[in-house]
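Here the protein sequences line up with chains A and B, keeping their order. Each residue of the first sequence is one higher than the last, beginning at 206 in my numbering. Each residue of the second sequence is one higher than the last, beginning at 2 in my numbering.
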Amino acid sequence: MTNEELAAKMQENDADRGFFEELLETLEAEQNKPAEERNYDLINEITATLCEANGTNALIAERKTDAITRIMQDAEQFKPKQRVIRVRWLLPIACALIFVTSNILSYSVFGMNAFSAAVRLTDGGIMISFKDDNPAAQSNPDRFASEILDICQKNGFTPLVPQYLPAELTPDSEWGKVDSLDKTTNVVFSFAHKKEKVIITYTYLTDPSLELEIGIPLHSYENTTETICGVSVEFFKVNDTEYRVVFKADQVIYTIWADGLDELETRKIVYSMFS
Amino acid sequence: MNRGKQCNQIIEKYYDEIVRYCFFLLKDDFRGAEDCAHDAFLLLLRKQNELDLEQNIRGWLYASANRIVKDYRKKQLKFQAMLNYDPEDMNDQTVQAEEVGCSDAFDCLTDQELELLKAYYSAPKGERVDLAKKYGMSISELYKKLHKIREKVRKSPK
Chain A
206 MTNEELAAKM QENDADRGFF EELLETLEAE QNKPAEERNY DLINEITATL
256 CEANGTNALI AERKTDAITR IMQDAEQFKP KQRVIRVRWL LPIACALIFV
306 TSNILSYSVF GMNAFSAAVR LTDGGIMISF KDDNPAAQSN PDRFASEILD
356 ICQKNGFTPL VPQYLPAELT PDSEWGKVDS LDKTTNVVFS FAHKKEKVII
406 TYTYLTDPSL ELEIGIPLHS YENTTETICG VSVEFFKVND TEYRVVFKAD
456 QVIYTIWADG LDELETRKIV YSMFS
Chain B
2 MNRGKQCNQI IEKYYDEIVR YCFFLLKDDF RGAEDCAHDA FLLLLRKQNE
52 LDLEQNIRGW LYASANRIVK DYRKKQLKFQ AMLNYDPEDM NDQTVQAEEV
102 GCSDAFDCLT DQELELLKAY YSAPKGERVD LAKKYGMSIS ELYKKLHKIR
152 EKVRKSPK
């Protein structure tokens, strides 16, 4: 091809039309193949070229962050898939020491927020005393425990109460809320500090024969079951800073939501309820 | 890895190409393409516990986008062929007739660039896309290279 011929060709206004037509034909051909035979890299390459040509790539890039945010927000509004936990009722008897001990020791090995625990088996059950390696963070063991006990007793039951809570947490607006229903009484104690939140819900079964199912909305989680003082405790790890814990002791179902806390802190709260 | 995190990574990775794919299927309806891609990823999040997120999730996304676009089209009753676009709408993508005054305008190009340009314009229908392979580049790279070459010619003082 001579330069003159090239110049003439380039002056044809639809010179690129042929190229884009070819791209589209290639794309259509790929589309018409069975799904398992399609070359998605080629499809992606061609659509990227077409979109580059008409400025769509720039538009996609400009709007991408907001678009993904909207997707995630819309996903939150689904009715979440409920994981229904049937809490097994076990008679409170002398406890299984080994589970708790081995779990505590494993935390020391991994060096997480280390604390050492002295565990004693007594006739009445397990005594767990926590000695935090960071004494400044240790909370007053009686912090809120007596108030929680008092409010619950006024509503007809005596629960297990946490002897440990992270020092920075303070009660928020949901603290001490009581909801009396036909066969249950719910009492909620909610604590918060910046992004940390702990909600302890006591569901007292006024009818002891009632078998209750609790639905905890969780999209994804890891579940472990531990026995503490004869009580089967379900731990649900949503992510590294989100935990849900459920167990039943006597006529009370305990649901603990911990957000912004790591696993160790969550477990300390739960174990302290059995001490 | 937590399934939620996996889904987030999948969305970040495939968002652009699924929107482009929907845009191709819907021709020039960008908002529709965004909506359909949005629905495809929403479906991914809703079904994450049922899907194998590590095996061919890309194929699943394309198939879902396909179905969603079909439904969208039915609702919208809208079909505009991309070939109906006016080439003159594509700014600077073609060289205007008066801008290639004479063949000396190509003096600004290297031998390889001139060779590529000639190969492109003399290729028969159906073979321009294959040029990419021949010159060891992707289709996108070929297109961008040609665009750059044409710009050089357009700006040439001759």
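Built from N, CA and C at the ideal position, the CB exists for glycine as well. The model shown is predicted, which means the values in this text are computed figures rather than measured ones.
DSSP, reduced to helix, strand and coil, places residue 391(A) within a strand of the structure shown. Under the Cβ criterion of 8 Å, residue 73(B) is not counted among the residues facing chain A.
Among the residues of chain B, those whose CB is under 9 Å from the CB of residue 279(A) are 39, 43 and 46, following chain order. Checking the DSSP bridge columns, you'll see residue 459(A) partnered with 407(A) and 452(A). Interface residue (Cβ-Cβ distance to chain B less than 8 Å): residue 275(A) is classified as such. Beta-bridge annotation (DSSP): residue 430(A) is paired with 439(A).
Here the alpha carbons of residue 76(B) and residue 68(B) stand approximately 13 Å from one another.
A Cβ of chain B is located within less than 8 Å of the beta carbon of residue 252(A). The beta carbon of residue 118(B) falls within 8 Å of a beta carbon belonging to chain A, placing the residue at that interface. With respect to the C-alpha of residue 448(A), the residue from 237(A), 390(A), 378(A) and 402(A) having the closest C-alpha is 402(A).
Proximity of chain A to residue 20(B) at the Cβ level (cut-off 7 Å) is accounted for by 265, in chain order.
Close CB contacts of residue 133(B) within its chain, under the 8 Å cut and outside five residues either way in sequence, are with 139, 140, 142 and 143 (chain order). Residues of the segment 232-252 of chain A whose Cβ lies closer than 7 Å to any Cβ of chain B, in chain order: 232, 240, 245, 248, 249, 250, 251 and 252. In the structure shown, the three-state DSSP call for residue 105(B) is helix. In the DSSP assignment, residue 382(A) falls within the unbroken beta strand (DSSP E) covering 382-385. 8 Å or more divides the Cβ of residue 390(A) from the Cβ of residue 435(A).
Taking 8 Å as the CB threshold, residue 17(B) lines the interface with chain A.
Within chain A, the residues whose beta carbon sits less than 8 Å from that of residue 122(B) are 206, 211, 214, 215 and 220, listed in sequence order. Burial is judged here by how many other beta carbons sit within 10 angstroms of a residue's own beta carbon; residue 234(A) has fewer than 16 and is exposed.
Shown here, residue 6(B) sits in a helix according to DSSP, grouped into three states. When C-beta distances to chain B are compared with 9 Å, every residue of the segment 388-420 of chain A stays at or above that value.
The C-beta distance from residue 374(A) to residue 397(A) rounds to 7 Å, short enough to fall under 8 Å. Between residue 60(B) and chain A, the shortest Cβ-Cβ separation is below 8 Å. By a beta-carbon distance limit of 8 Å, residue 42(B) contacts residue 12(B). Their separation comes to about 5 Å. Against chain B, a Cβ distance below 9 Å from residue 430(A) picks out nothing, because the smallest value is about 20 Å.
Assignment of beta-bridge partners to residue 396(A) by DSSP yields 376(A) and 403(A).
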